[in-house]
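Residues in the sequence shown are numbered consecutively from 17, following my numbering.
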Amino acid sequence: MRTHTGERPYHCSECGRSFSHSGNLRSHQVIHTGERPYHCLVCGKSFSQPGGLAKHQRTHTGEKPFHCTFTECGKSFSKLEHLQIHHRTHTGEKPYPCSASDCGRRFSNSGQLIQHMRTHTGERPYHCSECLKTFSHPGALKDHQRIHSGERPYVCAVSACGKTFINSGALKKHSQTHTGEKPHCCSDCGRGFSQLAHLQAHQRTHTGERPYHCSLCWKSFIQQGHLDRHRRIHLAADTPGDQLSPSINPDQHIRPIDDSPEVFDEETVPEQHVHPELMSHLE
17 MRTHTGERPY
27 HCSECGRSFS
37 HSGNLRSHQV
47 IHTGERPYHC
57 LVCGKSFSQP
67 GGLAKHQRTH
77 TGEKPFHCTF
87 TECGKSFSKL
97 EHLQIHHRTH
107 TGEKPYPCSA
117 SDCGRRFSNS
127 GQLIQHMRTH
137 TGERPYHCSE
147 CLKTFSHPGA
157 LKDHQRIHSG
167 ERPYVCAVSA
177 CGKTFINSGA
187 LKKHSQTHTG
197 EKPHCCSDCG
207 RGFSQLAHLQ
217 AHQRTHTGER
227 PYHCSLCWKS
237 FIQQGHLDRH
247 RRIHLAADTP
257 GDQLSPSINP
267 DQHIRPIDDS
277 PEVFDEETVP
287 EQHVHPELMS
297 HLE
């Protein structure tokens, strides 16, 4: 009847919370005493509540009794709260807003919000014991540690491929090379890309943005890879022709020598922008 009347006659002497049944009060009080009387027989981990033990045991049994009710989804989860978070991927609900001014981002669960806030605070509490590199969340640390261990647990499902990766994100990107999936589309021309980074680089062809600058000749590029290749041109300019790597084309050894901020493509560079030492290669 107390569920109808709202009566809660059992009070915790530590924090003042009240309960409708004495058993609920006793279960609550172990939070204050630190008592953890419920033990996992598989790994020995202990819990203050029987419900906590029951949830934990599903990590050993693989049981996932909570099923997504959205059609054509079929995902299942070991914990109700995980299902509730998953449902938000269908509904688009993001009830956790970032409190930082001028940010405005929202998240579907509190864990995502906590990790995001570290991008504002700079907090990186997770440390690699091998190289002392720090990370803002434990998943990133776990992925990084595989660089040291050599572990690559994510395997491409295509039998003729068999490539392995250190994290699921890298595997997902790779899998798109087999499926041909290009979920990232340019809003200007409609071209599709398998990876977000490729779309972002492509969009600079529309905006004209060239954020990667050569510190030696003022030339700028839309991608880091283009800048890296260009830097080899400066390196080659200081190398005698007969010592050049066979993989390097002398016709591309262009080295601007004035302070002009103009941007040129390699094949259209004016003669005055070619390093004198390389003219013999270009003639």
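Don't be surprised by glycine CBs; every beta carbon is placed ideally from N, CA and C.
Taking the Cβ atom as the reference point for each residue, do residue i and residue j lie within a distance shorter than 8 Å?
i: LYS149; j: HIS160; result: yes
i: THR180; j: ARG168; result: yes
i: SER175; j: LYS189; result: no
i: CYS84; j: HIS102; result: yes
i: PHE123; j: ARG140; result: no
i: CYS172; j: SER203; result: no
i: SER34; j: ARG24; result: yes
i: SER92; j: LYS80; result: yes
i: SER36; j: ARG52; result: no
i: ALA217; j: ILE238; result: yes
i: GLU30; j: HIS55; result: no
i: ALA156; j: HIS136; result: no
So residue i is in the alpha helix (DSSP H); what residue range does that whole segment cover?
i: LEU215; result: 212-223
i: PRO66; result: 66-77
i: SER38; result: 38-49
Would you grab the beta carbon distance between residue i and residue j for me? Rounded to a whole angstrom, and I think it's under 8 Å.
i: HIS132; j: TYR142; result: The Cβ separation is near 15 Å, so there is no contact.
i: SER94; j: ARG74; result: 4 Å
i: LEU129; j: CYS114; result: 7 Å
i: PHE86; j: HIS106; result: 5 Å
i: LEU215; j: HIS200; result: 4 Å
i: GLY208; j: LYS198; result: 3 Å
If we cut at 8 Å on Cβ distances, does residue i have a partner in chain C?
i: HIS222; result: Looking at the structure shown, chain C is missing, and only one protein chain is on hand.
> Could you give the uninterrupted runs of the beta strand (DSSP E) lying entirely in the region 100-187, keeping only those of 3 residues or more?
Replying inline: none
>> With three or more beta-carbon pairs closer than 8 Å as the criterion, would you say the region 28-48 touches the region 59-72?
In response: yes
> Is it true that the region 243-253 meets the region 216-224, where meeting means three or more beta-carbon pairs spaced less than 8 Å apart?
Replying inline: no
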